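Q: Just so you know, our numbering puts 270 at position 265 of the sequence shown, and the rest follows in order with no gaps. Ideal Cβ placement from N, Cα and C applies to all residues, glycine included. Quantities reported herein were computed from a predicted structural model and do not represent experimental measurements.
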Amino acid sequence: MVEEAPRQTATATRAPQGDRPAVPVYRAPYDWPAIEESVRTLGAAIVPGIVQRSLVDDFNRELDAWLEANPRGTGSDTGSELYDKFLGRKTLRLHGVPGKIEASHPLITHPEIVASMRRLLAHWSNEILLSLAELIQIGPRESAQLIHRDTGSWWPRLPREEHPWNVTAMIALTPFTEETGATRVVPGSCRWPLGERPRFDQIGRAVMEPGDALFFRGDVLHGGGANKTQDQARRGLALSYCAGWLRPVDNNMLAVPPKKAAALGDELLALLGYVAHDATHVDGGLVGMYDNGDPLKALRSGALD
6 MVEEAPRQTA TATRAPQGDR PAVPVYRAPY DWPAIEESVR TLGAAIVPGI VQRSLVDDFN
66 RELDAWLEAN PRGTGSDTGS ELYDKFLGRK TLRLHGVPGK IEASHPLITH PEIVASMRRL
126 LAHWSNEILL SLAELIQIGP RESAQLIHRD TGSWWPRLPR EEHPWNVTAM IALTPFTEET
186 GATRVVPGSC RWPLGERPRF DQIGRAVMEP GDALFFRGDV LHGGGANKTQ DQARRGLALS
246 YCAGWLRPVD NNMLAVPPKK AAALGDELLA LLGYVAHDAT HVDGGLVGMY DNGDPLKALR
306 SGALD
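(1) Thinking C-beta only, is residue 235 closer than 8 Å to residue 145?
(2) In three-state terms, what does DSSP make of residue 114?
(3) Under a Cβ-count criterion, where at least 16 other Cβ atoms within 10 Å of its own Cβ denotes burial, should residue 165 be classed as buried or exposed?
(4) Is DSSP giving residue 281 helix, strand or coil here?
(5) Please report the straight-line C-alpha distance between residue 285 and residue 247, rounded to a whole angstrom.
(6) Using 10 angstroms around the beta-carbon of residue 298, count the other beta-carbons present and answer buried if the total reaches 16, otherwise exposed.
(7) Out of 306, 163 and 255, which has the shortest C-alpha to C-alpha gap to residue 199?
(8) Count the other CB atoms within 10 Å of the CB of residue 56; is the residue buried (16 or more) or exposed (fewer)?
(9) For residue 72, does the three-state DSSP call read helix, strand or coil?
(10) Could you check where the beta strand (DSSP E) with residue 134 kicks off and where it finishes?
(11) In terms of residues, what are the limits of the alpha helix (DSSP H) holding residue 46?
(12) Where DSSP assigns a beta bridge to residue 298, which residues make up the other side?
(13) So who's on the other strand from residue 246, going by DSSP bridges?
(14) How long is the line joining the alpha carbons of residue 300 and residue 290, rounded to whole angstroms?
(15) Does the Cβ of residue 170 have 16 or more other Cβ atoms within 10 Å, making it buried, or fewer, making it exposed?
(16) Which of the three DSSP states, helix, strand or coil, is assigned to residue 185?
(17) Is the beta carbon of residue 192 less than 8 Å from the beta carbon of residue 61?
(18) What is the DSSP secondary structure of residue 270, counted as helix, strand or coil?
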């Protein structure tokens, strides 16, 4: 289970609860400095009730309708037997969510989530990008996912520093329980040597209700839990953000092409990649330009039609 961290404590070291370590929980009113210190030092924090239940309901309703119109089976067919096993034989995964589910937009641009991501990534970048918006629905009788680090998507030996390169907010869309496959996370593993593997008693569980979110840095060890139920799916939306100059895992500018993107707000478009990253204030340059200019201006002018 998880242990609630007192808001007055900026450090987040917690004694193990039972035979597992606690993942710190910070309830409203949110102490963001403490939450972000927990993410930086331990690698994770749970923020209950960060997303309004009405937004969760809107997302679930639209997703159900989309899946009814576009049936998807569980499991993946990447061409790699090992990677398909890693993704889960009984797990439904949906990428390109911003282009498929409009109700994802207020979640992706959620003011408190985005502001926290900006602060957590500010050491590396004055802009951030949405790296990934992935619907993960762990089906009944699914086995536990291999414990892993998300930073391996870029480079397994990406240097692990005090400040993270990317951070994810895993939003619970249905109850995350021990039985349905609550996300497993290893507090403190962002500081471990790459080859070190966790013991059972070092793996915590992110038990959450719909609207709660697990914030975790990409270099902390984590993985989906086993779904021990016969008829209950565990549904979550992983929103991963990265430094503005780092290539996102998903190509969101293909997921939301220019004709569709033109109707969206500037904040969402910037997170999707319709922005140039400007590092001139630290003697750097610009990346992500279009025709040597601002891609958002090009989109708004109709140059990308």
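A: Let me lay it out:
(1) In the sequence shown, counting from the first residue as 1, residue 145 sits at position 140. In the sequence shown, counting from the first residue as 1, residue 235 sits at position 230. Inclusion of residue 145 and residue 235 in the CB contact set at 8 Å is warranted, their separation being smaller than that value.
(2) The residue you call residue 114 lines up with position 109 of the sequence shown. Residue state, collapsed to three classes: coil.
(3) The residue labelled residue 165 in the question sits at position 160 within the sequence shown. The residue is buried, with at least 16 neighbouring Cβ atoms inside 10 Å.
(4) Locating residue 281 in the sequence shown gives position 276, where the first residue counts as 1. The answer is coil: DSSP assigns residue 281 none of H, G, I, E or B.
(5) Within the sequence shown, the letter at position 280 stands for residue 285. Within the sequence shown, the letter at position 242 stands for residue 247. Distance between the alpha carbons of residue 285 and residue 247 is about 19 Å.
(6) Here the question's residue 298 lines up with position 293 in the sequence shown. Exposed, because fewer than 16 other Cβ atoms sit within 10 Å of the Cβ of residue 298.
(7) Taking the sequence shown and counting its residues from 1, the one referred to as residue 199 is at position 194. Looking at the Cα atoms, 163 is the closest of the given residues.
(8) For the purposes of this step, residue 56 is identified with residue 51 of the sequence shown, where counting begins at 1. Buried, since its Cβ has 16 or more Cβ neighbours within 10 Å.
(9) The residue you call residue 72 lines up with position 67 of the sequence shown. Three-state result, residue 72: helix.
(10) Within the sequence shown, residue 134 is the residue found at index 129, counting from 1. Per DSSP, residue 134 belongs to the beta strand (DSSP E) from 133-143.
(11) Locating residue 46 in the sequence shown gives position 41, where the first residue counts as 1. It spans 37-46 - the alpha helix (DSSP H) in which residue 46 sits, taken as one unbroken run.
(12) Taking the sequence shown and counting its residues from 1, the one referred to as residue 298 is at position 293. Paired residues: 295.
(13) Here residue 246 refers to the residue found at position 241 of the sequence shown. Beta-bridge pairing links residue 246 to 135 and 172.
(14) Sequence index remark: in the sequence shown, residue 300 carries index 295 (1-based). Sequence index remark: in the sequence shown, residue 290 carries index 285 (1-based). Going from the Cα of residue 300 to the Cα of residue 290 covers about 16 Å.
(15) The residue you call residue 170 lines up with position 165 of the sequence shown. Answer is buried; the Cβ neighbour count reaches 16.
(16) Reading the sequence shown from its first residue, position 180 is the one you call residue 185. Reduced to three states, the DSSP call for residue 185 is coil.
(17) Residue mapping note: residue 192 aligns to position 187 of the sequence shown, counting from 1. Residue mapping note: residue 61 aligns to position 56 of the sequence shown, counting from 1. Against a cut-off of 8 Å, the Cβ pair of residue 61 and residue 192 comes out as no contact.
(18) Your numbering for residue 270 matches position 265 in the sequence shown. It is coil, neither helix nor strand.
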